[in-house]
Amino acid sequence: MVKVPQGVFRASGWMLIAAGLTNFIVSIVHLEDTPANLAQLPYFLNVAVGTHVAMLLATPLILMGLAGLYLRQAERLRWWGWIGCFLMFFLFIFEMIHAVLQVYQYPVLFDGITTEAQLKAASDTALKTMNHDGFPTTLSLVAMPGVLLGFALITIAMYRSRVFSKWLALTFLLMPSTYFLPWESYGKYVFPVAYLTYAVYGVLLVTERKIVAAPVTEQAATA
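Every letter in the sequence shown is one number past the one before it in this note's numbering, and letter 198, counting from 1, is 186.
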């Protein structure tokens, strides 16, 4: 049996708070994937690159924070709950890949543009890069069903573990729900809020008073 110090949980909590709030703000100010017109280009470059740098820094914190959150509930998470954790991580890996592409690609693609025709050509190239047929796109299409299954499994696992509020566990479904409902009337408002779930769990980990050792037991791994 491995006992995890309470300090690890608190550190994980701070990571979730920082990353959850950062991605909440980033999702609100996040622009479209390309500038609407030439006049918007300078503002677009500053905001687009800045938001994706923040996303690139925050996403690893979410992954590390979630690891601590899962360990806190290890004794009560069933084996399929851990599979859900693993599958859900793929979403954040793709977010990091997306952020890296934007950070490095935008300053190069949109450099020296002075006409609308040049802007359209650069925008088409940017969209083609993100939607290019090949291994990354194929991998994302194959992985997406697994990601959705992961969110469902971890929601059920955390709901049943009852370490924290079972109703809070249901908020994990907010993010995947945006893939099935209209973006303009639902997704663009709910997607940022979904990141607050991680911040709330972070607060619970940080403020938990009782020193709890989370045992990683053979029973938890095989239940």
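Just so it is clear, CB atoms sit at the ideal spot from N, CA and C, and this is done for glycine as well.
Contacting residues, own chain, Cβ-Cβ under 8 Å from residue i (five flanking each side not counted)
i: residue 181; result: 12 and 162
i: residue -4; result: 56 and 59
i: residue 37; result: 90, 91, 94 and 95
Length of the line joining the Cα atoms of residue i and residue j
i: residue 159; j: residue -7; result: 27 Å
i: residue -9; j: residue 164; result: 33 Å
i: residue 71; j: residue 97; result: 39 Å
i: residue 90; j: residue 40; result: 7 Å
i: residue 109; j: residue 102; result: 12 Å
i: residue 85; j: residue 93; result: 12 Å
i: residue 209; j: residue 129; result: Annotation note: pLDDT 43 at residue 209 (below 50); position unreliable, coordinate value reported separately. Each residue's alpha carbon lies about 30 Å from the other.
i: residue 143; j: residue 2; result: 22 Å
i: residue 175; j: residue 141; result: 22 Å
i: residue 83; j: residue 16; result: 16 Å
i: residue 42; j: residue 62; result: 30 Å
i: residue 194; j: residue 20; result: 35 Å
i: residue 268; j: residue 169; result: One cannot answer for residue 268 here, as it falls past the ends of the chain, which runs -11 to 211.
i: residue 99; j: residue 31; result: 13 Å
Nearest to residue i (by Cα), restricted to the options the options
i: residue 183; options: 196, 14 and 155; result: 14
i: residue 50; options: 170, 81 and 62; result: 81
i: residue 212; options: 40, 17 and 59; result: Residue 212 falls outside the range modelled here, since the chain spans only -11 to 211, and no answer is possible.
i: residue 157; options: 93, 83, 185 and 172; result: 185
i: residue 18; options: -4, 104, 195 and 35; result: 35
i: residue 4; options: 142, 46, 106 and 174; result: 46
i: residue 148; options: 67, 42, 20 and 33; result: 67
i: residue 64; options: 171, 154 and 194; result: 154
Whether residue i touches residue j by CB criterion (7 Å)
i: residue 166; j: residue 151; result: no
i: residue 145; j: residue 69; result: yes
i: residue 87; j: residue 44; result: yes
Own chain partners of residue i with C-beta closer than 7 Å, once the 5 adjacent residues on each side are dropped
i: residue 22; result: 111, 114 and 115
Same chain only: Cβ atoms within 6 Å of residue i, ignoring 5 sequence neighbours per side
i: residue 79; result: 135
i: residue 107; result: 26 and 101
i: residue 171; result: none
Does the contact criterion of 3 or more C-beta pairs under 8 Å hold for the stretch 131 to 139 versus the stretch 73 to 87?
Under the 8 Å Cβ criterion, the stretch 131 to 139 counts as touching the stretch 73 to 87, having at least three qualifying pairs.
Determine, using beta-carbon pairs with one atom in the stretch 50 to 63 and one in the stretch 23 to 39, whether at least three such pairs fall under 8 Å.
No, the stretch 50 to 63 does not touch the stretch 23 to 39.
Would you check if the stretch -2 to 16 and the stretch 180 to 194 touch, i.e. whether three or more CB-CB distances between them fall below 8 Å?
As far as the Cβ criterion goes, the stretch 180 to 194 touches the stretch -2 to 16, which means the pair count is three or higher.
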